[in-house]
Every structure is written in structure tokens, then in C-alpha cells.
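Enquirer: This structure is in C-alpha cells; I'll ask about it shortly.
In the numbering used here, the protein residues as written are 193 to 665.
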């Protein structure tokens with residue numbers, strides 16, 4: 193017998209066993225799973241529920257009227273097949289409001305236990321395979337380091353002794369190749385640790401500005417050698433000391449700046465650092481690296497942070513690299529509670545921005561707390577005056593922006609992320625050409641929407657609304 197009300201109970205093909213029986217206990221419907229597992233086939237319809245649960249129901253009386261289990265939670269019962277063999281089930285009984293019928297939904301506990309064991313076994317096998325892979329990668333990278341270090345040491349000794357310019361050029365090339373090999377080995381080892389979930393941050397107190405000066409000095413010569421300009425802007429509101437994993441922050445910045453240098457032939461590279469929020473003794477730092485390089489098509493941007501992935505094969509042939517660097521950066525940023533994103537257009541340059549959360553030492557907390565209400569999403573450039581900011585956009589543009597913000601808020605509240613991204617794209621287009629404060633806040637809001645991070649969306653929406661109110665004053 194088929195279900196009579198398929199709209200209300202579309203369960204004929206459900207994996208769990210489902211029975212329907214009337215007030216007197218007669219079974220009126222059963223799905224395919226119940227017919228098969230209980231061994232009755234189509235004969236089950238017309239039988240009595242006490243044949244399935246002899247210890248729970250009697251063969252006479254109004255079953256549903258006295259059924260104490262109706263409306264309760266899951267019950268562990270013994271179900272009997274047609275051949276009188278039994279098996280444990282997890283069952284729940286409910287009563288249809290629009291009909292004088294009870295519904296029983298049950299799962300075979302033996303089958304469930306078997307499947308759980310299979311899942312546990314598969315998880316163990318996956319963990320074991322991951323462990324073997326991690327150990328193999330660690331051993332291989334360790335073995336690779338030994339000959340590379342040997343070659344590098346001998347090359348540096350020869351550099352001190354050699355005077356012939358042609359030989360010196362060859363030795364310098366060998367030294368650079370060994371250093372590049374070291375970077376590749378370190379990237380593979382870091383990726384392996386992150387992939388296995390064994391990567392641990394080592395937070396220590398350090399001087400933020402000294403670290404950023406080191407970054408600037410490390411990249412200045414290589415960038416200017418290509419004829420590029422290099423600018424670094426640090427917000428005066430940034431704390432002097434923070435607590436975090438300085439080595440890994442340096443690794444992220446080195447990778448992002450090296451990519452900017454690698455893919456930029458003409459123009460400039462700029463980097464900005466600004467605190468954007470202070471919460472419970474922690475500060476959110478926002479880093480923005482902008483280049484005027486080859487850029488990336490929008491369709492290819494999702495490949496940027498994937499492991500072993502580059503935009504296309506020609507990129508790898510021309511510029512080299514494993515495609516691991518930005519994936520490692522993404523995972524490190526997320527370990528520090530932040531997000532990373534990209535804005536780019538083909539032949540128009542690329543903007544990579546990321547945020548991280550760092551602890552504040554006791555001596556920094558009071559100062560940061562007093563100015564946290566004035567923190568802006570990015571540092572204001574000198575040429576972008578307050579007057580220019582207040583004059584941004586037409587009245588129609590600002591009104592349309594407010595409407596889209598309201599729609600975005602509604603979509604976020606309803607967790608309709610597809611429409612939220614649609615309205616977010618409209619907001620981005622409406623703020624195109626706006627002062628840096630507005631455009632970069634829009635970028636951070638877009639990143640939060642893409643991550644479906646309700647808390648960060650709320651914070652950035654409040655900042656956006658505050659900016660709109662400022663424009664009207």
C-alpha cells in the first residue's frame with residue numbers, strides 16, 4: 193500500500209523505517225525500508241502494531257488513546273520481524289494532527305552501530321595516512337636540507353676566495369638557487385604541518401614598528417632594483433608593542449610582498465598597516481599591499497589561495513613557485529583569527545589585504561582603549577582631506593547606498609548569503625572611486641560577507657553607517 197498523503201509525508205524512499213497505524217493498532221501504511229527490514233513486504237499493511245512491538249502494545253483496545261510514548265523522545269525498543277527474530281531499534285512515535293493516525297519512525301541500532309564503526313575505522317585510516325604523509329614530508333625535507341646546506345656552505349667559502357668575475361656570477365647564482373631551495377623546503381614543511389593540524393603558533397611580545405622596519409629594509413633593495421617605488425604607511429594609532437607570533441607575521445608579509453614584486457614590472461608597491469578594532473585586550477591589525485602588476489582576472493581569483501595552484505601554467509613557467517605560499521598565508525591568517533582577500537583586475541594591479549588579531553601588553557591596553565572609537569579601517573592618505581571625504585558622491589548615490597545597506601542587513605539577518613553577496617556587490621560598485629576609508633571598509637565588509645561571519649559583518653556595518661552619518665553632517 194502506498195502513502196495516501198505524499199505531500200505531507202514524502203517518505204516512501206526514506207532510509208529509516210516508517211509505519212502508520214490507526215487508533216485500534218492496525219497498520220495502514222509502511223514505507224519501503226519498513227517492508228524490507230521487517231520481512232513482511234506488502235503484507236505488513238493490515239497487520240497489527242503489536243506484531244512489531246509485542247512488549248509495548250496489546251492486540252486490543254485503542255492503541256493511540258493510551259499510547260504514553262506519543263510526543264516523547266527517542267525510545268530504545270525491540271522490533272520483531274515476520275520470522276519472529278528481533279533486533280534493537282531507536283523509535284519515535286508522533287500523532288498526525290489532522291488525522292486519527294500514529295506515526296512510528298525507527299532506525300536499526302545494529303545497522304547504525306555497524307555504520308558508526310565503519311566511520312570510526314575510516315577516520316582512523318585517514319588519520320594514519322595523514323600521519324604517514326606528514327612523517328614522510330618531514331623526513332624528505334630534512335634530508336633535502338643536508339645537501340643544500342652543504343652546497344651553500346661551500347659556495348659561500350668560494351665567494352670569499354674567488355676574484356674572477358665570471359666565476360663570481362656563477363657562484364652568486366648557485367647561492368641564490370640554494371636560498372630559493374630553502375624557501376621551497378620550508379613552504380612544503382609548513383604546508384604539511386598545517387594540513388595535519390599540527391601547526392602551533394608561538395606568541396611572544398615584540399615591537400611592531402621594528403618588525404615592520406625590518407620588512408621594509410628586507411624588500412626595499414629588491415623592489416627598487418626593478419625600478420619600482422616602494423611605500424610603507426603605518427597608522428600613528430598602531431600600538432608599539434603587541435603579543436603574537438612575529439616569525440609567522442613576517443612570513444606572511446614576506447610572501448605577499450615577494451608576490452607583488454614578482455608580478456610587477458612597472459609602477460609601485462605600497463603597504464599600509466592600521467588598527468581597526470580593540471576588543472577585550474586584543475587589537476585587530478589590517479594590512480593592505482597594493483601593486484601595479486599584471487593583475488588577475490576575476491574568474492581566476494578563487495585559485496589564488498588554493499594549495500598547489502596558480503592562475504595558469506604560464507605563470508609557473510615564467511615566475512616559478514609551488515603555488516603554496518598564499519595558501520600557507522591564508523591558513524596562518526586564519527590561525528590568528530583573521531581573514532585574507534584579494535581585489536584585482538587584469539593588467540591593473542592587485543590589492544591583497546588581510547587582518548589578524550594580536551594581544552596587547554598591559555602597558556598598551558589603556559592607550560588603545562581610549563582611542564578605539566576613533567579607529568578607522570585604513571590610514572588616511574595626506575591628499576585625501578576631510579573636505580574631500582565629506583563631498584564624496586552625489587545625494588542619489590548616498591541614498592542608493594543606504595538602501596542597499598538596509599537590504600544587506602535584512603539578508604544577513606535571514607542568513608540568505610547568496611542575496612547578501614548580490615547586494616554587497618552593488619555596495620562595492622556604489623563606493624567605487626570613494627576615498628580610501630570608504631572603499632577599504634567596503635572591502636572588509638565584503639570579505640566578512642563571503643566568510644558568513646555575522647560578528648564581523650555587524651562591526652563593519654556599524655562603521656559604514658557611521659561614515660554615512662558623518663557625510664550628512
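Just so you know, even glycine gets a beta-carbon here, dropped at the ideal spot from N, CA and C.
1. Inspect the beta-carbon positions of residue 243 and residue 270 and report whether they are closer than 8 angstroms.
2. Would you list the one or two residues that DSSP bridges to residue 284?
3. Just to confirm the assignment, what range does the beta strand (DSSP E) spanning residue 460 have?
4. Since residue 475 and residue 552 should fall inside the 8 angstroms C-beta cutoff, what is the C-beta to C-beta distance between them, to a whole number of angstroms?
5. Go ahead and pull the three-state DSSP assignment for residue 666.
6. Count the other CB atoms, across all protein chains shown, that sit within 10 Å of the CB of residue 210; report buried if there are 16 or more and exposed otherwise.
7. Going by beta-carbon coordinates alone, are residue 536 and residue 488 separated by less than 8 angstroms?
8. Nearest to residue 486 by CA position, among 477, 467, 455, 465, is which residue?
9. Contact check, residue 344 vs residue 316 under 8 angstroms by CB: the rounded distance?
10. Rounded to a whole number of angstroms, what is the C-alpha to C-alpha distance between residue 287 and residue 232?
11. List the residues that DSSP assigns as beta-bridge partners of residue 545.
12. With residue 637 and residue 616 assumed to form a contact (beta carbons below 8 angstroms), what rounded beta-carbon distance in angstroms separates them?
13. Please state the DSSP three-state secondary structure of residue 434.
14. Which value, in whole angstroms, describes the spacing of the CA atoms of residue 267 and residue 282?
15. Just verifying my parser: in three-state terms, what is the DSSP assignment at residue 311?
16. Run through DSSP, which three-state label would residue 271 get?
17. Residue range of the alpha helix (DSSP H) that residue 523 falls in?
18. Which residues in the same chain as residue 421 place their Cβ atom closer than 7 angstroms to its Cβ, once the five residues preceding and following it in sequence are excluded?
19. I'd like to know if residue 396 contacts chain D, where contact means its C-beta is closer than 8 angstroms to some C-beta of that chain.
20. On a CA-only basis, which of 557, 265, 635, 221 is nearest residue 433? Give me that one, please.
21. Thinking C-beta only, is residue 477 closer than 8 angstroms to residue 548?
22. Roughly how many whole angstroms lie between the Cα atoms of residue 206 and residue 249?
23. Enumerate in chain order the residues of its own chain whose CB-to-CB distance from residue 295 is below 6 angstroms, with the five nearest sequence positions on each side excluded.
24. What's the C-alpha gap between residue 443 and residue 355?
25. Using 8 angstroms as the threshold, is the C-beta distance between residue 542 and residue 483 below it?
26. Could you work out which residue in 238, 608, 292, 299 is closest to residue 225 when comparing CA atoms only?
27. Within 10 Å of its beta-carbon, does residue 612 have 16 or more other beta-carbons around it, so buried, or fewer, so exposed?
28. Excluding sequence positions up to five away, which residues of its chain have a Cβ less than 8 angstroms from the Cβ of residue 667?
29. Among the candidates 658, 534, 377, whose CA atom is the shortest distance from the CA of residue 642?
30. Where do the ends of the beta strand (DSSP E) carrying residue 416 lie?
31. With residue 437 and residue 472 assumed to form a contact (beta carbons below 8 angstroms), what rounded beta-carbon distance in angstroms separates them?
32. Should residue 489 be listed as close to the ligand COA, given that the test is whether its C-beta is under 7 angstroms from any heavy atom?
33. What are the boundary residues of the alpha helix (DSSP H) that includes residue 214?
34. Just the C-alpha distance for residue 588 and residue 204, rounded to the nearest angstrom, thanks.
35. Looking at the strands, I want to know which residues DSSP matches up with residue 424.
Expert: Reading from the atomic positions:
1. no
2. 297
3. 460-471
4. 5 angstroms
5. Residue numbering for the chain in the displayed model covers 193 to 665; residue 666 lies beyond these limits and cannot be assessed.
6. buried
7. yes
8. 455
9. Rounded, the Cβ-Cβ distance is 41 angstroms, inconsistent with contact.
10. 24 angstroms
11. 480, 533
12. 7 angstroms
13. strand
14. 6 angstroms
15. helix
16. strand
17. 517-527
18. 460
19. Although the question refers to chain D, the structure presented lacks it and comprises just one protein chain.
20. 557
21. yes
22. 25 angstroms
23. 212, 286
24. 35 angstroms
25. yes
26. 299
27. buried
28. Past the boundaries of the shown model lies residue 667; the chain is included only from 193 to 665, so the question cannot be answered.
29. 534
30. Note, residue 416: premise wrong, no beta strand (DSSP E); alpha helix (DSSP H) at 400-417.
31. Not really, about 19 angstroms apart at Cβ, beyond 8 angstroms.
32. The model on display carries no ligand, and the ligand COA is accordingly not part of it.
33. Element bounds for residue 214: not the alpha helix (DSSP H) but the beta strand (DSSP E), 209-214.
34. 56 angstroms
35. 463
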